[in-house]
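Visitor: Everything in the sequence shown is counted per our numbering, starting at 980 for the first residue and increasing by one.
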Amino acid sequence: MVQNHEIEKRPRGRPQVRCDEDTKSVIIEAANRQFRENGYAAASIAAIAQEAGVSTKTLYRLFPTKGDLFSEMITERTGRFLIALDPGTLAVADLRQGLERILLAYGMLTLSVDTITMTRLVISESDRFPEIANAFYEKAIVRTNTLMENWLHKQIDHGLIALDDPHAACGMLRGMMIMEPQRAAMLRQEPPPKIETIAARAKMCTDLFLKGCAL
């Protein structure tokens, strides 16, 4: 009797090529490690490409300059904050729940070890490389502030809060949430706070802020 055995067919040709978006993500992760460990000036494009498993030609095709790579890395990190604040979820949350959710997400972003390290890097090297300060300001600070300020405007439009200057109030709210723990971590006096501490601070800041402006 002859037995028929199934023979697994292997695909012919070259292995499937990774798409550009996936390649960008791998490069950004490698760049994040290089920047954290070596700083901006000393970070090597060749080392980033090697760690990401791509050629320098591919890296330069996707990110023409080191500044472009740094800017995209900041954009990607800030994007996680925006994803955490799904507009649909915020739309159905009440005033207190919405603000507490925003502050928790903001605290998780800005008080993380990675962000503290990157903020130190920007401050220490921005005189020599103003492009990284510009990228950090526009892609991180302005972008997160815009989302929070827009949310405050919506609450004003709904008649839930009263603010004479929502832009200034947003800055005060952000400072109240992160300034002290961020400063302590930046100066290496305290470790970055854990999620339980950030959540408790978000709740306290929500209470204090709403006592001043809720109708």
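Glycine included, every Cβ here is placed at the ideal spot set by N, Cα and C.
1. For N1011, count neighbouring Cβ atoms within 10 angstroms of its own Cβ and tell me buried if that reaches 16, exposed if not.
2. Taking Cβ positions, are I1157 and T1089 nearer each other than 8 Å?
3. How is the alpha helix (DSSP H) around P1160 delimited, first residue to last?
4. Quick test of your reading: T1068 and R1122, contact by CB under 8 Å. State the CB separation rounded to the nearest angstrom.
5. Within the continuous alpha helix (DSSP H) that includes R1107, where are the two ends?
6. Would you call the segment 1027-1042 and the segment 999-1007 touching, i.e. three or more CB-CB distances under 8 Å?
7. Determine the burial state of R1153: buried for a count of at least 16 other Cβ atoms within 10 Å of its Cβ, exposed for fewer.
8. Quick one: Cα of T1150 to Cα of I1120, how far?
9. For L1082, which of C1192, I1102, I1174 has the nearest alpha-carbon?
10. So, at 7 Å on beta carbons, what are the nonlocal neighbours of H1132 in its own chain, with the 5 sequence-adjacent residues on each side left out?
Guide: In brief:
1. Only buried fits N1011, as 16 or more other CB atoms lie within 10 angstroms of its CB.
2. Yes, the Cβ-Cβ distance between I1157 and T1089 is below 8 Å.
3. Counting along the chain, the alpha helix (DSSP H) containing P1160 begins and ends at 1145-1165.
4. That belief does not hold up - the Cβ atoms of T1068 and R1122 are roughly 19 Å apart, past 8 Å.
5. That residue, R1107, is in no alpha helix (DSSP H); it is neither H nor E in DSSP.
6. Contact annotation: the segment 1027-1042 touches the segment 999-1007, with at least three C-beta pairs closer than 8 Å.
7. The residue in question, R1153, is buried, as its Cβ has 16 or more Cβ neighbours within 10 Å.
8. The sequence as given places Gly at residue 1150; Thr does not occur at that position. Going by the C-alpha atoms only, they are around 10 Å apart.
9. Scanning C1192, I1102, I1174 for the CA closest to the CA of L1082 turns up I1174.
10. If we look at H1132 and ignore the five residues flanking it on each side, its Cβ neighbours are P1145.
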